[in-house]
Every structure is written in C-alpha cells, then in structure tokens.
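Chains U and P, in that order, give the protein sequences. According to the working numbering, the first sequence is numbered sequentially starting from 1. According to the working numbering, the second sequence is numbered sequentially starting from 450. Note that the Cβ used here is the ideal one computed from N, Cα and C, for glycine as well. A quick note: this is a predicted structure, and the numbers were derived from the prediction, not measured.
There are 2 protein chains.
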Amino acid sequence: MSHLLIIGGSDAGISAALRAREVNPAFDVTVVVADRYPNYSICGLPFWLGGQVADWRDLAHRTAGELEQQGITLLLEHTAQAIHPTDRTVTVVDGSGRSRRLSYDRLVIGTGAAPAHPPIKGLDQPGVFFLRTMSEGFALRDYLAARSPASAIVIGGGYIGLEMADALAHRGIQVTLVEYLPSVLATLDPSLGLLVGQELQQHGVTVTTGVGVQEITSRDQHLVVAGSGGLNVEADIVLVATGVRPEARLAAAAGVQTGQKGAVVVNQAMETNVPNVYAAGDCVETYHHLLGRNVYLPLGSTAHKQGRIAGENAVGGQASFAGTLGTQVVQVFDLVAARTGLSDAEASQAGFHPHSVPVETWDHKVYYPGAHTLHLRITGDRVTGQLLEAQIVGHRTAEVSKRVDVFATALFNRMAVEALNDVDLSYTPPLSSPWDAVQMAAQAWVKAR
Amino acid sequence: MSHLLIIGGSDAGISAALRAREVNPAFDVTVVVADRYPNYSICGLPFWLGGQVADWRDLAHRTAGELEQQGITLLLEHTAQAIHPTDRTVTVVDGSGRSRRLSYDRLVIGTGAAPAHPPIKGLDQPGVFFLRTMSEGFALRDYLAARSPASAIVIGGGYIGLEMADALAHRGIQVTLVEYLPSVLATLDPSLGLLVGQELQQHGVTVTTGVGVQEITSRDQHLVVAGSGGLNVEADIVLVATGVRPEARLAAAAGVQTGQKGAVVVNQAMETNVPNVYAAGDCVETYHHLLGRNVYLPLGSTAHKQGRIAGENAVGGQASFAGTLGTQVVQVFDLVAARTGLSDAEASQAGFHPHSVPVETWDHKVYYPGAHTLHLRITGDRVTGQLLEAQIVGHRTAEVSKRVDVFATALFNRMAVEALNDVDLSYTPPLSSPWDAVQMAAQAWVKAR
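In structure tokens form, the structure reads like this:
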C-alpha cells in the first residue's frame with residue numbers, strides 16, 4: 001500500500017482525495033483537516049448568514065461519514081506544522097497539542113487562502129469580521145444573534161462583498177457598501193458594474209464607490225469607518241471582503257517554489273518543484289487557458305478541477321489542468337452578473353487586439369410573458385476575430401449563468417466570434433430566440449468590427 | 450442594381466433578405482409573401498392560442514414597416530406560380546388574381562413546409578385543425594371563440610403537439626393527447642419522454658401512447674377519434690400535429706433537385722443544382738454537422754441560420770452552413786425538455802459506438818432554496834470518447850435550455866466527454882455547483898465507460 005497524504009480538507013484537498021480513491025485503490029488516502037468541517041461549501045456561508053439556508057450543516061458538500069465510506073481517512077482538527085521532503089513526512093499537531101509525523105509517498109498541498117488584510121487601521125476590533133472559514137462564519141453568526149446589529153458596513157465590492165451585502169440586507173440590516181474602485185464588481189466593465197450597483201441601491205443598500213477606507217474606530221458602541229473623500233460612516237458591524245492571499249507558508253518553508261502573490265508555483269500536472277509534492281486550489285498559481293501562463297485567480301470551481309487533477313496524478317495518472325478562463329458569476333438580489341475570458345487589459349497585454357461591443361437584447365421572445373433585458377458585452381480580437389471575453393448582467397431567471405457558460409465553452413475551443421452563429425443552440429419562445437442572445441451579441445460584434 | 454428575389458416571407462426568406470441588405474447594398478431585395486404576415490413567429494402560435502400572448506400582432510419578429518426600412522420590398526399576398534431558370538424570372542399572382550413575371554439575378558427559395566397529412570380518415574371535417582400558418586392559427590382561434598369547446602384531442606406528441614396540449618389545457622379545455630410511439634417526445638429516450646408524459650398528466654392531460662389513430666368521425670356535434678388498441682375518444686375539436694413535409698413543388702417543377710422526403714437538395718453554400726438559385730429553411734435538406742451529410746430536420750432556428758447563409762451568398766458572399774446538431778427544446782407546463790446531438794440509432798448507423806448513461810443531479814447546490822432535479826442522459830463514443838448526445842429534462846427554472854447549449858457548443862467543437870470537465874463553467878450556489886450538472890454527467894459517463 002502506498003500513502004497519499006493531503007493537507008487541507010476544503011475543495012482542492014477533498015477533490016484530490018476522491019479522485020485518487022477513484023482511479024487507484026492501491027493508495028490509501030489521509031486528509032489533514034485544520035478544523036472540524038471537511039468538504040464544506042465556504043461559498044455558501046453568505047446564504048446561511050442571510051437566512052436562506054437554515055442549517056449550517058447543509059453547507060457540507062459531503063459529510064465526514066460519506067468521505068470515510070470512500071476509503072478516505074480524515075484527521076480532523078489536525079494542523080500541519082512542517083513538510084519534510086527529504087524523508088517524505090509531515091509533522092502534524094492534533095487538537096490537544098500532540099505532535100507526530102505522518103509519512104507519505106505522495107503529498108498534495110491544498111492549504112487554501114486567507115483573507116487579505118488591507119492597509120486599514122483598526123481591523124482587529126470587536127465587531128470587525130472577515131469571512132473565509134466556517135469558524136469565521138460562526139463568529140459572525142453569533143455576533144449577529146447576540147447583538148442584532150441594525151447597520152453594517154461592507155468593505156469591498158467583489159463577489160463576496162456583494163453576496164454579504166445582499167445577505168445582511170436580507171436580515172433587515174441597513175447596509176453600506178464601500179468600494180475602492182469606481183464601480184462594484186470590477187471584473188465587469190463599469191457600465192455593467194453600474195447596473196449591479198443600482199440593483200443594490202434599489203434594495204436599500206447604500207453604495208459608495210471610488211473611496212478608500214483608511215481607518216476603523218469605535219465610538220459609543222458603534223464602529224466608524226473613515227476614508228478618502230471625507231468618508232465617515234457609522235455602523236454596528238463591519239465586514240471586510242477585500243480579497244484573499246494564498247496560504248502557502250507551509251509549502252514555502254519546505255522549499256516549494258512560490259510566485260505571484262506568494263502562491264505555490266505548479267505546472268499543468270499540478271506538480272510543484274519538489275518531487276512527489278503536488279498542490280492545488282486557492283494556494284496555487286492557476287494556469288490560464290487563453291494566456292498560456294499562470295495567474296493568481298482563486299475560485300472554488302477551479303479548486304475542484306485542480307484538486308481532481310492533483311489527486312489523479314499523485315497516484316500515477318497523467319492528467320493535465322486545462323486552465324482557467326476567468327469565469328465568474330454572482331447573484332445580487334434579483335440580478336445575476338457573469339463573465340468569462342480576458343479583460344481588455346489582460347488581452348492587450350498578451351498581444352491580442354480586443355474590441356468590445358455592448359449589446360442589449362431580450363432573454364427570450366418578448367411576446368412571451370416574463371422577458372427580461374440582458375445586458376451583454378462581447379469582446380473579440382479585431383485582427384483574428386477570435387472570441388476573447390463575454391460579460392452578461394440580467395435577471396436571475398434569464399439564464400445568465402449558463403449563457404456565459406456557452407461563451408466559456410466557445411472560449412475553451414478558441415472559437416471565432418462569428419462562429420458562434422454557426423452553433424445550433426436551442427430555441428423555444430419562452431426561453432430564447434431563433435438567434436439566441438449569445439448569437440445576437442456575436443452578430444452585433446461582427447457588424448461593429 | 451442587381452435583383453435578389455426571395456420566395457417566402459417566413460424565417461428563412463426574411464433572414465436571407467436582411468443578411469443580403471446587410472452585406473451588399475448593390476442588390477435590391479424583393480420578398481414574395483403568400484399571406485399578409487411576413488416574418489411572423491409561427492413557433493409562437495401555441496402561446497397565443499393558449500392565452501399567454503394577448504395580441505397576435507406581437508408574434509411578428511419585425512413589422513412590415515421595419516423590414517421595409519431595411520430596404521426590403523415586400524409583395525404581400527403574392528403567390529409564386531412558376532420559376533423560369535432559363536430567363537431568370539418568376540411568375541407571381543397577386544391577391545386579385547393578376548399574374549406577372551419578376552426577374553432575378555439571384556433567387557432564394559424559402560417556401561417552408563406544410564403539415565404532413567397522416568393516413569387518417571376524416572381529416573377534412575369541421576373541427577379538425579392543423580397548425581402551420583397564421584391563417585390556420587386564426588381559424589382555430591375563431592373556432593375556439595365561437596364554440597368554446599370543452600374537450601380536445603391532440604394527435605401527435607412531438608413538440609407542437611405538446612405545446613398545443615399545454616395551450617389548450619391552459620384555456621381550461623380537457624385535452625387527450627394521442628401518440629403513435631410508446632412515449633411522447635420521441636426525440637428523447639423513453640425514460641425521459643415518460644417524465645414529460647407524467648407532467649402532462651399532472652396537469653390534467655390524458656396521455657395515450659402506443660396507439661395509431663385510424664379514423665375521425667363525427668357524432669352528435671362531437672368528433673370521435675378511433676384507432677388501434679380499441680382507441681375510441683370523443684372530443685369537440687381535434688388538432689393534428691404529426692409533423693411536416695417540405696413544400697418544394699415549386700422548386701421541383703423548375704428542375705431543382707429534391708431528395709429526402711421531397712426536400713430541396715442544397716450544398717453548404719445553400720446552392721441548389723440550378724445556377725443562381727439558392728434555397729433555405731423547412732423546404733430543404735439540412736446538413737448535419739456530426740453526420741457530415743444531409744438530413745431532413747426542419748426547425749425555425751435552423752431556417753434562420755440557413756437563410757442568413759443563403760442571403761449572404763446570393764449577393765456574392767462565401768458563407769458556409771456549418772450544419773445542424775439536432776438541438777431541440779420544448780417547455781411543457783413547468784418542465785423543459787431539451788436535447789442535442791445524435792440519437793443512438795443515428796450514431797450507430799454513422800459508425801459511432803454510442804454508450805449512454807443516465808444521470809440525476811441537482812441544478813444548483815441543494816442547500817440553496819429552489820433546487821430541482823435535472824434528469825440527464827449523456828452519450829459518448831465508447832471507443833474514441835467523443836461526445837455524441839445530451840438530453841436533459843428538468844424544471845423550467847433550472848436552466849435546462851442553456852445547459853443543453855453548453856453541450857451543443859461542445860458537440861460543435863467535437864469535444865470528448867471527459868474534456869467537459871476541463872471547461873471553466875460558472876459557479877455560484879444559487880445557480881450551479883462547483884462541478885456543473887453538465888460536468889457531473891460527463892464524470893458519470895467516464896466512470897461508466
């Protein structure tokens with residue numbers, strides 16, 4: 001029997017474990033899990049805190065029991081302290097402080113990411129929260145239950161910030177969202193980010209953009225957030241959602257090479273520079289399918305893919321990670337915003353000639369009840385015609401997410417914008433048009449090229 | 450100025466006209482339209498008859514005025530009588546019976562299809578309806594308004610039959626659907642067709658399958674439908690929806706070659722065998738992207754694509770029709786059923802080795818409210834791994850249609866089933882899973898291969 005050891009019980013680690021068991025039963029698989037919550041959907045925390053999900057236990061993708069049934073050994077509340085590549089062991093400490101060494105034939109590092117602490121004074125006060133782990137979720141839930149805050153400030157207008165603004169508003173809390181950039185959801189063009197900002201405002205969220213937070217102070221049991229442009233807002237709690245940084249210290253200390261933002265450098269086989277050591281998920285650099293090089297772009301869906309590849313290869317497989325496309329989607333109240341592909345800046349930097357066209361069209365034949373406007377932005381290379389990016393904002397019933405996935409599948413195959421018109425997409429009046437919105441966007445782009 | 454003449458004012462003809470105007474203003478464009486309803490969405494008739502669409506005028510994709518603004522001349526209530534390729538003219542007759550000849554430099558034939566008249570006695574009685582043109586729609590609407598029928602029999606369980614069963618039930622009419630094959634929606638596997646049949650029954654429609662209708666007679670102001678297996682059902686009206694046949698007599702009489710089911714034979718440039726004569730839409734054979742040969746598969750979305758190609762090439766372009774994938778979708782009450790690709794029989798006949806796997810999964814993370822089961826069936830080639838077909842049945846809010854479009858885009862690019870797992874599809878818990886349902890199906894197939 002050979003030993004596969006995995007550090008980290010979230011998306012990447014568990015995906016690696018499951019895939020390893022699937023493809024090679026000759027390996028036993030042990031997963032070192034820092035907390036008591038293996039395989040939890042951290043992406044689901046906002047919905048639990050917002051009240052749409054009643055029981056936090058439902059956030060588990062699989063229970064510990066289900067994982068053990070797959071032949072996976074879980075070491076809960078164990079923290080990896082050091083990796084020793086020369087004798088292929090890992091020092092772990094259990095909940096009671098006892099230390100021991102576990103040996104491995106192959107190791108997968110899936111230590112994830114931690115909230116980035118922005119340069120803001122006063123982040124360590126009571127009432128200021130980050131949201132990355134189940135424990136942080138519990139802490140926020142307890143505070144909400146004990147204090148029943150009437151108001152909240154969310155710092156950061158990325159997708160976690162947006163989801164938490166939605167969640168807190170859903171609980172009846174008066175929310176102010178503060179974003180450093182000129183519009184929320186900066187992965188979208190500002191014209192589309194503006195629509196998301198309007199959706200927040202229509203649901204009672206105060207949106208402040210183009211403002212940098214400098215300091216959080218407390219005054220009369222309240223927190224005061226101050227920043228540029230005279231920002232001075234008071235609230236009962238503050239949630240900081242300004243992105244994450246890779247948690248790669250353990251790997252780096254063992255001689256594993258790190259790169260962008262300190263993330264572990266891996267190849268498409270998810271191998272690190274250290275023999276027999278693989279890494280996956282939010283702690284690694286991610287290969288970009290269109291750029292042909294690594295970026296840092298941590299996402300749950302990517303962690304699952306990378307974990308699956310790492311797990312397969314660690315037990316003798318030959319799989320290759322095809323790379324991210326930068327696909328993202330978020331639901332904010334009744335709106336869904338999604339994107340896939342290269343931003344204009346990324347595209348230009350990589351030598352493409354991005355040309356972007358905004359398009360408004362209906363999600364389905366307007367004569368059939370319930371039609372909604374889709375706001376699209378499609379980008380292709382002006383010289384070669386290759387599709388580079390698509391962004392869509394529209395109603396949550398307008399199949400925005402899967403329309404972006406049609407674009408993603410086209411990007412994966414390096415299709416030309418014009419070729420989208422050749423694809424036999426499904427049509428029925430209640431759901432689409434003879435030319436789907438995806439194709440109307442493509443035609444608008446071809447005309448405007 | 451050169452003359453482009455188009456016979457037919459439905460999807461193919463109007464698409465050809467619009468595209469021709471777009472790419473080459475040196476051609477004037479005239480469209481001969483048999484009725485007064487150019488560019489109407491015939492696919493929308495069931496929704497108007499069902500009452501979801503209030504005004505039939507809303508079924509127009511574009512008004513006559515909008516078409517004329519694009520520089521298109523419409524000859525309404527004109528019927529083409531004969532094509533004379535030798536002197537490049539077409540004889541047309543207007544509403545008052547006056548005949549004249551129109552000359553053309555290029556001709557596009559878009560004469561569409563007519564309802565197939567199955568071998569059933571008594572189809573020509575009052576109260577028996579077909580549904581293919583606006584006029585037929587008006588006739589049925591008038592009859593419904595005048596007689597307020599309490600009961601209806603729909604013969605044929607294809608998508609028009611299903612939509613009309615839904616529409617008539619929506620009006621409070623007691624509907625019996627009679628299908629010759631063992632399950633409705635025979636383009637789906639019987640296991641999935643069964644789900645569609647159950648949905649009909651749950652909404653009060655009586656579904657009778659495996660029964661061939663032989664005769665319609667009238668008795669006491671009612672119609673009696675009799676057939677195999679002792680079928681003897683009485684109702685106030687009968688709708689016959691047993692498919693269509695290409696309307697290609699005009700073309701054939703002019704020496705244009707016809708093939709399967711009598712449809713016009715065209716190449717991928719949408720050229721017929723007669724110089725300067727193109728054809729598109731429901732009157733032509735359709736090139737199949739995966740089979741590499743023509744089939745007869747009339748659909749509105751295909752007619753739009755073919756019309757666009759024909760229009761472009763007729764005025765000097767070099768476009769090529771990439772082919773159908775057999776994609777279809779229909780909404781039946783709260784269910785959406787969709788498919789794309791080759792049936793097992795088509796695949797086997799073409800030399801593939803189809804292997805199909807049924808998969809049930811949630812449309813999004815089940816912890817988030819409103820999750821629905823998706824019933825998928827995925828088919829790949831057991832030898833090469835190539836994706837061949839996907840079928841999905843699920844709730845109308847479960848993004849079934851665009852998930853099938855992800856499969857369609859994959860089929861278009863001849864992807865392997867396994868490669869679907871490599872595509873960076875969008876993920877957020879309210880809308881999907883870290884591995885989307887598309888990918889869970891792919892993984893199930895890979896495991897079962």
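According to DSSP, residue i sits in a beta bridge with which residue or residues?
| i | result |
| --- | --- |
| U:THR286 | U:VAL295 |
| U:GLY380 | U:HIS355 and U:LEU387 |
| P:THR676 | Here the sequence assigns Gly to residue 676 of chain P, which means Thr is not the residue at that position. Answer is P:VAL662 and P:LEU680, bridged to P:GLY676. |
| U:ASP28 | U:HIS3 |
| P:PRO564 | P:VAL693 |
| U:VAL90 | U:ILE83 and U:LEU102 |
| U:PHE129 | U:LEU239 |
| P:SER667 | P:LEU672 |
| U:THR176 | U:ILE153 and U:THR206 |
| P:THR522 | P:THR479 |
| U:ALA60 | U:TYR40 |
| P:GLU848 | Bridge partners of P:GLU848: none, in fact. |
Compare the beta carbon distance of residue i and residue j with 8 Å and say whether it is the shorter of the two.
| i | j | result |
| --- | --- | --- |
| U:ALA416 | U:LEU387 | yes |
| U:GLU199 | U:PHE412 | no |
| U:GLN125 | U:LEU223 | yes |
| P:GLU526 | P:ASP543 | yes |
| P:ARG537 | P:SER548 | no |
| U:ALA390 | U:LEU325 | no |
| P:VAL715 | P:ALA701 | no |
| P:VAL853 | P:ARG898 | no |
| P:ALA475 | P:GLY760 | no |
| U:VAL196 | U:LEU297 | no |
| U:LEU49 | U:ARG106 | no |
| U:GLY8 | U:GLY137 | no |
| P:PRO534 | P:VAL723 | yes |
| U:CYS283 | U:VAL264 | yes |
| P:THR822 | P:GLY790 | no |
| P:THR522 | P:GLN530 | no |
| P:GLY834 | P:GLU867 | yes |
| U:MET188 | U:VAL211 | Looking at the sequence provided, one finds Leu at residue 188 of chain U rather than Met. Contact flag unset, no. |
| P:GLY520 | P:ARG468 | no |
| P:ALA786 | P:LEU641 | yes |
Ordered along the chain, which non-local residues of its own chain (more than five positions away) have a Cβ less than 6 Å from that of residue i?
| i | result |
| --- | --- |
| P:ALA914 | The shown model of chain P, from 450 to 898, leaves out residue 914 of chain P, and the question about it has no answer. |
| P:GLY692 | ALA565 |
| P:LEU880 | HIS813 |
| P:GLY462 | ILE455, VAL480 and GLY559 |
| U:LEU239 | PHE129, VAL154 and MET164 |
| P:ALA890 | VAL808, LEU825 and ILE827 |
| P:GLU664 | LYS570, GLY571 and ALA675 |
| P:ALA893 | VAL806 and VAL808 |
| P:ASP885 | LEU874 |
Could you pull out every residue in the same chain whose Cβ sits closer than 7 Å to the Cβ of residue i, ignoring the five residues on either side in sequence?
| i | result |
| --- | --- |
| P:ASP460 | GLY730, GLY749, ALA752, HIS753 and GLY756 |
| P:ALA902 | Because chain P is modelled from 450 through 898, residue 902 of chain P falls outside the range shown and cannot be assessed. |
| P:ALA563 | ARG581, VAL693, ARG694 and GLU696 |
| U:VAL53 | GLY44, PHE47 and LEU59 |
| U:GLY51 | HIS170 and ARG171 |
What does a CB cutoff of less than 8 Å around residue i pick up in its chain, not counting 5 residues either side in sequence?
| i | result |
| --- | --- |
| U:ASN24 | VAL315, GLY316 and GLY317 |
| U:SER348 | PRO354 |
| P:TYR489 | SER459, LEU508, ALA509, HIS510 and MET583 |
Mind checking whether the beta-carbon of residue i lies closer than 7 Å to any heavy atom of the ligand SAM?
| i | result |
| --- | --- |
| U:GLN174 | Absent from the structure shown: the ligand SAM. Ligands present: none. |
Scan the segment 861–889 of chain P for residues whose Cβ lies nearer than 8 Å to a Cβ of chain U and list them as they occur along the chain. PHE861, ASN862, MET864, ALA868, ASN870, ASP871, VAL872, ASP873, LEU874, SER875, TYR876, THR877, PRO878, PRO879, LEU880, SER881, PRO883, TRP884, ASP885 and VAL887
Contact between the segment 761–774 of chain P and the segment 714–722 of chain P: three or more CB pairs below 8 Å? yes
Between the segment 805–825 of chain P and chain A, which residues of the former have CB atoms less than 8 Å from a CB of the latter, in chain order? In summary, chain A is missing from the structure at hand, where the protein chains are U and P.
Within the chosen definition, does the segment 179–187 of chain U reach the segment 132–149 of chain U through at least 3 CB pairs nearer than 8 Å? no
Scan the segment 483–506 of chain P for residues whose Cβ lies nearer than 7 Å to a Cβ of chain U and list them as they occur along the chain. SER490, CYS492, GLY493, PHE496, GLN501 and VAL502
Kindly confirm or deny that the segment 129–137 of chain U and the segment 202–215 of chain U touch, where touching means at least three C-beta pairs closer than 8 Å. no
The segment 370–383 of chain U touching the segment 846–855 of chain P, judged by at least three CB pairs closer than 8 Å: no
Along the segment 283–311 of chain U, what residues have a CB closer than 8 Å to any CB found in chain P? HIS289, LEU299, GLY300, SER301, THR302, ALA303, HIS304, LYS305 and ARG308
Could you list the residues in the segment 779–798 of chain P with a C-beta less than 9 Å from some C-beta on chain U, going in chain order? VAL779, GLN780, VAL785, ALA787, ARG788 and THR789
Near-chain U residues of the segment 841–854 of chain P (beta-carbon distance less than 7 Å), N- to C-terminal order: THR846, GLU848, SER850, LYS851, ARG852, VAL853 and ASP854
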